[in-house]
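Engineer: If you read the protein sequences in the order shown, they are chains A and B. Sequential numbering from 706 applies to the first sequence in my numbering. Sequential numbering from 4 applies to the second sequence in my numbering. After the structure tokens below, expect a handful of questions from me.
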Amino acid sequence: MAMPMLPADWPGNFWAHWAIFAVIILVFMLLMVMLFIWFERRALAVMQARLGPNRAGPFGLFQSAADALKLLIKEDIVPAKGDKLVHWLAPVVAFVPVLLIFAVVPFRGGAILADLNIGILYIVAISSVTAVGIFMAGWSSNNKYSTLGAMRQVASVVSYEIPVVLSVVGVVLLAGSLSMQQIVAAQDIPFILLQPLGFLLFFCGALAEINRAPFDLTEADSEIVAGYMTEYSGMKFGLLFLAEYGEALAISAIVTTLFLGGWRGPLLPDWLWFLVKVGIVFFVIVWIRATLPRLRIDQLMALAWKFLLPLALLNLLITAAEILVLPAVSLWVFVPINIAIMIVLVILWSRFFKLGWGKVEV
Amino acid sequence: MKFERYGLGIAKGLSVTIRHLLRRPVTTQYPEQRLNPSRRTRGNELIWDENKCTGCGTCAKACHIGAIHISTSTNPVDNKYEVKSYEVDTGYCIFCGLCVEACPFEALFMSYDYERAQYRRGDLFQDKEKMVETPERKVSGYFYPGRAAKLPRQSLLVNNDRGKR
């Protein structure tokens, strides 16, 4: 299928391309994050039979803007015995990688800052840097809650990185490329149908990596106040908050690109399809947050190492085997097969899933 | 084999939350929507009927806070007590309603209103003029079921009748 693609240096000039997309990414990210915060608060409220913010502007749309304004003019407090330089640097280190992720996210055919031929690898690499920033935030605060939160964050990111990357490999095998553009171009059938297990593992692992509920142990407010954010105030807090929601936005965009066919879809314009899919993925994230209670730290670790990792390896093996016989049969044959494989594997592996040799309740 | 442990539990939970999207919110948007309080509510003020009051002071004796201050004088012509001043400091009042129950002449009532917050402590002080029953200062049905019958029914969230006041 011939797809409408913009040329790689779209307005014709390298620097013009760079400048335009840098601005687009900045505006897109800030606007979407504010919109998502509002959307999450409203959706969560409706699911809890409340209304949510509805005072500032139509439907409370300006609530996040008002909050951002409030954060900007708030006092910036640094703990007296904290590490001042690291405390200052941490929000920046946490936020910048999130922004960098969007450099390789295609908004539509060719609408991409840099079509790296190692796009998804770049995302995997750069998104892990956020954990460094969060650990710096926790460490420099000189506060036991912050340190605990940061430790949990590092533990969860290191553990969940592996199943996430392994499930991405399945997609890469199917697409035959690491470039985000090529992955989208390869999805005549959205990979969520061809890789249902991979999608499940990726989504699960991604939720844990960005500390969304039910894996939000990093800032479990009922246990450790606000985790690594405890000692932050003012715009530094705002930046950490922005990084957190920016990650959620990034994960929504990556899931859209890898599994839902990116900008591709009938009728609507390309960029709108992309936004709609990102919105749907984010809604599912909010939906899960409204439903599931928080995991314990041992459950979090066990889920990564005993459940997701073996399944990710099996998924990789099965996908590789399917790729071997791929030229012989149509791709559609694999859709029911893979869904059946997913159901069987998840049920089977759940039977093995035990904590403390079965002595601890899961 | 119970499937709750193999992902069905999560699916059930998700279906519960998604069904709440279609549900009406149970919250009340207060300044725009108001709920009717109980018809026998003990509101934030006391209401006093000067014509029925004989100045016996039973209410002041019943008040264990000492928030009611009544001073009377004798009127030798009519052989009656005359109420010189009747004052309640609602800042001290705990709204127990004992004074209303103690009054032998049905001269003292609890009010029906609950929006009587003030900026200054002194504004909570009620003298004779501020204790008169007016359309804004309605009498609650507390201890007087006959009065309660005239008030609007209490709005219940289960009936979804908010904002009808």
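For glycine and all other residues, C-beta sits at the position ideal for the given N, C-alpha and C.
Since A:I817 contacts A:Q886 with CB under 8 Å, what's their CB separation in whole angstroms?
Structural biologist: With a Cβ gap of about 6 Å, A:I817 and A:Q886 count as contacting.
Engineer: What does B:L24 touch in chain A if you count any residue whose Cβ is under 7 Å from its own?
Structural biologist: Under the 7 Å cutoff, chain A gives V751, M752.
Engineer: So that I know if they touch, is there some Cβ in chain A lying closer than 7 Å to that of B:L17?
Structural biologist: It does; some Cβ of chain A falls within 7 Å.
Engineer: Could you tell me whether the Cβ of B:G12 comes closer than 7 Å to any Cβ of chain A?
Structural biologist: It does not; no Cβ of chain A falls within 7 Å.
Engineer: Exposed or buried, which one is A:G881 when buried takes at least 16 other CB atoms within 10 Å?
Structural biologist: Exposed is the call here.
Engineer: Report buried or exposed for B:Q36, applying the criterion of at least 16 other Cβ atoms within 10 angstroms of its Cβ.
Structural biologist: By the 10 Å Cβ count, B:Q36 comes out exposed.
Engineer: Do the stretch 838 to 853 of chain A and the stretch 903 to 914 of chain A meet, that is, are 3 or more Cβ pairs less than 8 Å apart?
Structural biologist: No: the two stretches stay apart, fewer than three of their Cβ pairs being nearer than 8 Å.
Engineer: Just confirm the distance between the C-beta atoms of A:A855 and A:A842, as a whole number of angstroms; I'd bet it's less than 8 Å.
Structural biologist: The Cβ separation is near 7 Å, so the contact holds.
Engineer: Could you confirm whether any beta carbon from chain A is found closer than 7 Å to the beta carbon of B:P155?
Structural biologist: Answer no: the Cβ-Cβ gap between B:P155 and chain A never drops below 7 Å.
Engineer: Determine contact between the stretch 924 to 932 of chain A and the stretch 720 to 740 of chain A, defined as no fewer than three beta-carbon pairs at a distance below 8 Å.
Structural biologist: The stretch 924 to 932 of chain A, when compared against the stretch 720 to 740 of chain A, does not touch it at the 8 Å Cβ threshold.
Engineer: Tell me, please, which residues DSSP counts as bridged to B:W51.
Structural biologist: Partner(s): B:L111.
Engineer: Going along chain B, which residues have a C-beta under 7 Å from A:V1051?
Structural biologist: Within chain B, the residues near A:V1051 are Y9, G10.
Engineer: Does the stretch 974 to 982 of chain A touch the stretch 763 to 777 of chain A, meaning 3 or more C-beta pairs lie closer than 8 Å?
Structural biologist: Counting Cβ pairs under 8 Å, fewer than three are found: no touch.
Engineer: Taking just the CA atoms, how far does A:S938 sit from A:A1017?
Structural biologist: The straight-line gap from Cα to Cα measures roughly 39 Å.
Engineer: Return the residues of the stretch 978 to 992 of chain A that lie within a Cβ-Cβ distance of less than 8 Å from chain B, sorted by chain order.
Structural biologist: Correct list: W992.
Engineer: Name, in chain order, the residues that DSSP records as bridge partners for B:Q129.
Structural biologist: Note: B:Q129 sits in a beta bridge opposite B:V91.
Engineer: To test your reading of the DSSP string, which unbroken alpha helix (DSSP H) runs of 4 or more residues are found completely within the stretch 879 to 953 of chain A?
Structural biologist: Listed in chain order, the complete alpha helix (DSSP H) runs (minimum 4 residues) inside the stretch 879 to 953 of chain A are 885 to 890, 896 to 899, 901 to 914.
Engineer: Beta-carbon of A:R747 versus every beta-carbon of chain B: anything under 7 Å?
Structural biologist: No, A:R747 does not count as interfacial toward chain B.
Engineer: How far does the beta strand (DSSP E) with B:H72 in it extend, from its first residue to its last?
Structural biologist: It spans 71 to 78 - the beta strand (DSSP E) in which B:H72 sits, taken as one unbroken run.
Engineer: Can you check whether the C-beta of A:S872 is within less than 7 Å of a C-beta belonging to chain B?
Structural biologist: With 7 Å as the cut-off, A:S872 does not count as an interface residue toward chain B.
Engineer: For A:L997, go through chain B and note every residue whose CB falls closer than 8 Å to its CB, in chain order.
Structural biologist: What A:L997 touches in chain B: I13, G16.
Engineer: On the CB-based measure, 16 or more other CB atoms within 10 Å of its CB, does A:R813 come out buried or exposed?
Structural biologist: So A:R813 ends up on the buried side.
Engineer: Classify B:R168: buried if its beta carbon has 16 or more other beta carbons within 10 angstroms, exposed otherwise.
Structural biologist: With a pLDDT of only 35 at B:R168, under the threshold of 50, the placement of this residue in the model should not be trusted, and no figure is reported.
Engineer: So with Cβ pairs under 7 Å, would you call B:P34 a contact of chain A?
Structural biologist: Taking Cβ atoms only, chain A never reaches closer than 7 Å to B:P34, which makes this a no.
Engineer: Does B:V86 come out as helix, strand or coil in the three-state DSSP assignment?
Structural biologist: Looking at B:V86 - three-state DSSP - the assignment turns out to be strand.
Engineer: Residues of the stretch 79 to 97 of chain B with a CB closer than 9 Å to any CB of chain A: list them in chain order, please.
Structural biologist: Cβ contacts with chain A: none found.
Engineer: With B:H67 as the anchor, note down where its alpha helix (DSSP H) starts and where it stops.
Structural biologist: B:H67 -> no alpha helix (DSSP H), and no H or E assigned at all.
Engineer: By the criterion of Cβ-Cβ separation under 7 Å, what are the contact partners of B:T20 in chain A?
Structural biologist: Neighbours of B:T20 on chain A, chain order: M752, W992, A995, T996.
Engineer: Could you pull out every unbroken beta strand (DSSP E) segment of at least 3 residues lying fully inside the stretch 1001 to 1064 of chain A, listed in chain order?
Structural biologist: You should have found no qualifying run.
Engineer: So A:W1020 and A:L906 are in contact, right, with Cβ under 8 Å, and what is the actual spacing, rounded?
Structural biologist: Checking the sequence, you will find Asn at residue 1020 of chain A rather than Trp. Yes, A:N1020 and A:L906 are in contact; Cβ-Cβ is about 7 Å, under 8 Å.
Engineer: Consult DSSP for B:G12 and reduce its assignment to one of helix, strand or coil.
Structural biologist: Of the three classes helix, strand and coil, the one that applies to B:G12 here is helix, per DSSP.
Engineer: So, at 7 Å on beta carbons, what are the nonlocal neighbours of B:T77 in its own chain, with the 5 sequence-adjacent residues on each side left out?
Structural biologist: Excluding residues within five positions, the ones whose Cβ falls inside 7 Å are Y84.
Engineer: Please check if any C-beta of chain B sits within less than 7 Å of the C-beta of A:M706.
Structural biologist: Note that A:M706 has pLDDT 44, beneath the 50 cutoff, so the model's placement of it is unreliable and the number below is only indicative. With 7 Å as the cut-off, A:M706 does not count as an interface residue toward chain B.
Engineer: Taking the Cβ atom as the reference point for each residue, do A:G838 and A:V809 lie within a distance shorter than 7 Å?
Structural biologist: No, the pair does not count as a contact, with Cβ atoms beyond the cut-off.
Engineer: According to DSSP, A:A771 sits in a beta bridge with which residue or residues?
Structural biologist: Bridge partners of A:A771: none, in fact.
Engineer: Buried or exposed: A:V876, going by 16 or more other Cβ atoms within 10 Å of its Cβ?
Structural biologist: Under this definition A:V876 is a buried residue.
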